[in-house]
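**Student:** Can you keep this structure in mind? I'll have questions shortly.
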Amino acid sequence: MTIIKGYSFGVVSVDGTKYERDIIIYPDRIQSEWWRKEGHMLRLEDIGDVLANPPEVFVVGQGDQGRMLIESRLVDEMKKIGVELVSAPTKLACEKFNEFSRQGRHVVAALHLTC
4 MTIIKGYSFG
14 VVSVDGTKYE
24 RDIIIYPDRI
34 QSEWWRKEGH
44 MLRLEDIGDV
54 LANPPEVFVV
64 GQGDQGRMLI
74 ESRLVDEMKK
84 IGVELVSAPT
94 KLACEKFNEF
104 SRQGRHVVAA
114 LHLTC
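Structure, rendered in structure tokens:
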């Protein structure tokens with residue numbers, strides 16, 4: 004079980020490793036230095052690996068101030084394939100990820116660490 008140990012602006016600690024770039028947390032790995040085609044917009048094409056093996060829950064950390072937007076096409080696709088989409092400022096998103104992880108749910112998180 005993967006647990007986020009802490010988050011502060013620009014830094015997240017996952018299972019004892021600190022990351023200073025945006026990441027995607029999968030059940031079996033972490034994609035470090037993840038970036039999107041457009042910095043403050045999460046688009047469907049930015050999460051191809053997530054869609055290849057859809058989780059039960061997809062948590063999006065929208066940045067410290069919640070400035071990263073999520074395109075409506077991505078929201079619609081998640082509904083269509085039955086994935087629960089949870090988005091929030093990154094600190095709250097980390098807490099939600101840990102909650103879902105502790106519940107044993109198949110959860111993936113995409114975390115924007117700044118803004």
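Counting from 1 along the sequence shown, just add 3 to a position and that's the residue number in the numbering used here.
Cβ atoms here follow ideal geometry from the backbone N, Cα and C, with glycine treated the same way.
1. Ends of the beta strand (DSSP E) at G51?
2. May I have the straight-line CA-CA distance separating V55 from E48, to the nearest angstrom?
3. Count the other C-beta atoms from every protein chain shown that fall within 10 angstroms of the C-beta of I84, then say buried if there are 16 or more, exposed otherwise.
4. Inspect the CB distances between the stretch 33 to 52 and the stretch 100 to 108 and report whether three or more fall short of 8 Å.
5. Quick check on the burial criterion: 16 or more other C-beta atoms within 10 angstroms. Buried or exposed for P30?
6. Where does T93 fall in DSSP's three states?
7. Grouping DSSP H, G and I as helix and E and B as strand, with all else coil, what is S104?
**Tutor:** Inspection of the coordinates gives the following:
1. Segment G51 to A55 is the alpha helix (DSSP H) holding G51; no beta strand (DSSP E) there.
2. The residue asked about is misnamed: residue 55 is Ala in this sequence, not Val. Between A55 and E48, the C-alpha separation is close to 11 Å.
3. exposed
4. no
5. exposed
6. helix
7. helix
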